[in-house]
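One structure is given here, and the rest of the page talks about it.
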Amino acid sequence: MVEMADAGDGLYRRGFAGDTFNTAWYARRLLPRDWRVGYASAIGKDAVSVEMKAFFEEQGIETAALREVEDRTVGLYMISLDNGERSFSYWRSQSAAKTLADDPAWLTDTLSGQDILYFSGITLAILTPAARRRLCDAIMSARAGGAMVAFDTNLRPRLWEDKATMQDGMLLGASVADVVLPSFDEETQLFGDTTPGDTIKRYRNCGARVVAVKNGNADLTLWDADGTRTLQTTQVTDVIDTTAAGDSFGAGFMAGLATGQSCDQAAHSAMSLAAQVIQSRGALVPSLFEEGTA
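Below, the structure written as structure tokens:
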């Protein structure tokens with residue numbers, strides 16, 4: 001999507017971002033250069049869509065799986081900040097991404113043969129109920145073919161039809177995932193969870209093999225085949241912008257697993273990255289990967 005980020009003094013800085021793209025962007029920088037990172041979605045054929053595709057390619061993200069749709073464009077969102085906490089305003093009515101699952105054959109072919117797939121609650125929220133099912137069917141097919149699937153629940157209530165549909169969507173997404181990455185405050189809001197253990201139990205019952213429950217500055221709760229444990233989060237006192245906190249965490253966690261780290265090691269890597277990201281403005285922080293920086 002086009003991102004309009006608060007730059008201070010009533011000004012906004014335009015860029016390209018969005019939850020799963022942010023994760024792909026960070027993953028590209030964390031993984032070996034000879035590993036492929038691609039992005040599957042739909043864009044328009046207008047000038048801003050062409051510009052966005054070029055930006056993806058400049059960032060090292062493959063675009064072969066970007067389907068071009070006539071008479072559509074890309075979505076736009078604006079970030080408003082209040083003491084580092086963000087709120088979003090969206091314009092998506094003509095977004096081509098809403099047609100992501102309109103061609104089931106293309107979708108299944110695009111996802112098959114991949115090593116890792118990553119999607120989010122926002123991916124599901126912008127689709128129709130039937131399209132959500134088609135997407136999850138294609139993901140399940142890829143998973144059966146050997147892909148590791150990660151699902152970041154990433155709750156955006158305004159994008160869903162109603163609370164019950166949102167609950168069903170979260171459970172549907174989790175049912176096709178190996179790794180589920182929920183945020184405890186969102187799970188409390190949606191399901192009434194009182195402890196991270198409630199969250200873990202629900203997604204275990206959906207079939208997840210790994211659940212990492214993020215909880216802001218509080219400890220991370222991690223569950224896998226070795227059981228449940230808590231990991232101390234990386235503390236940050238100077239929070240500037242939390243826009244990509246969860247997105248960068250997801251990239252760090254999945255990149256860690258992909259490169260042979262244990263779940264605990266991957267979680268610590270992910271928390272460290274997210275802690276650095278939220279101390280800068282905007283979703284994408286190139287300065288973190290410049291020579292001489294972390």
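Residue 1 is where the sequence shown starts when you use UniProt numbering, and the numbers rise one by one after that. Where a beta carbon is used, it is the ideal one built from N, C-alpha and C, also for glycine. Model, not experiment: these values are computed from the prediction.
Checklist entry - Going by DSSP, what residues sit across from M91 in a beta bridge? => result Residue mapping note: residue 91 aligns to position 91 of the sequence shown, counting from 1. Checking the sequence shown, residue 91 turns out to be Trp, not Met. Per DSSP, L76.
Checklist entry - Candidates E70, V69, F88: which alpha carbon is nearest L76's? => result Counting from 1 along the sequence shown, the entry for residue 76 is found at position 76. The candidate whose alpha carbon is nearest that of L76 is F88.
Checklist entry - Is I200 close to chain B, meaning its C-beta is less than 8 Å from at least one C-beta of that chain? => result Structure shown: chain B not included; a single protein chain is present.
Next on the checklist: Is the separation between the beta-carbon of A150 and that of I126 shorter than 8 Å?
Outcome noted: Translated into positions along the sequence shown, residue 150 becomes position 150. Translated into positions along the sequence shown, residue 126 becomes position 126. Their beta carbons are not under 8 Å apart, which means A150 does not touch I126 by this criterion.
Item to check | Minimum C-alpha distance to Q235 - residue among N217, D224, G227, G256 | outcome: Start at 1 with the first residue of the sequence shown, and residue 235 comes out as number 235. The residue with the shortest Cα to Cα distance from Q235 is N217.
Checklist entry - M1 by DSSP, collapsed to three states: which one? => result As a working note, residue 1 is residue 1 in the sequence shown. In the structure shown, M1 sits in coil (DSSP, three-state: anything other than H, G, I, E or B).
Checklist entry - Of all the options P157, W160, N22, which has the alpha carbon lying nearest to the alpha carbon of V277? => result Mapped onto the sequence shown, residue 277 falls at position 277. Comparing Cα positions, the closest option is N22.
Next on the checklist: If contact is defined by three or more beta carbon pairs under 8 Å, each pair taking one atom from either stretch, is the segment 218–233 in contact with the segment 94–108?
Outcome noted: no
Next on the checklist: I'd like to confirm something about A144: is its beta-carbon nearer than 7 Å to some heavy atom of the ligand ATP, or not?
Outcome noted: Annotation note on the ligand ATP: not contained in the displayed structure, which lists no ligands.
Next on the checklist: According to DSSP, is A150 part of a helix, a strand, or is it coil?
Outcome noted: Mapped onto the sequence shown, residue 150 falls at position 150. Here A150 sits in strand by DSSP.
Next on the checklist: Between I116, A274, G252, Q279, which has its C-alpha nearest A266's C-alpha?
Outcome noted: By 1-based counting over the sequence shown, the position of residue 266 is 266. Out of I116, A274, G252, Q279, G252 has the C-alpha closest to the C-alpha of A266.
Checklist entry - So, using beta-carbon positions, are C136 and L171 closer together than 8 Å? => result On the sequence shown, residue 136 is found 136 positions in, with the first residue counted as 1. On the sequence shown, residue 171 is found 171 positions in, with the first residue counted as 1. No, they are not a contact pair.
Item to check | Same chain, Cβ closer than 8 Å to Q261, five either side skipped, listed in chain order | outcome: If you number the sequence shown from 1, residue 261 lands on position 261. Cβ within range, chain order: S269.
Checklist entry - The alpha helix (DSSP H) with F16 in it runs from where to where? => result As a working note, residue 16 is residue 16 in the sequence shown. Not the alpha helix (DSSP H): F16 falls in the beta strand (DSSP E), residues 11–16.
Next on the checklist: Can you look up Y203 in the DSSP assignment and give me helix, strand or coil?
Outcome noted: Within the sequence shown, the letter at position 203 stands for residue 203. Helix, per DSSP.
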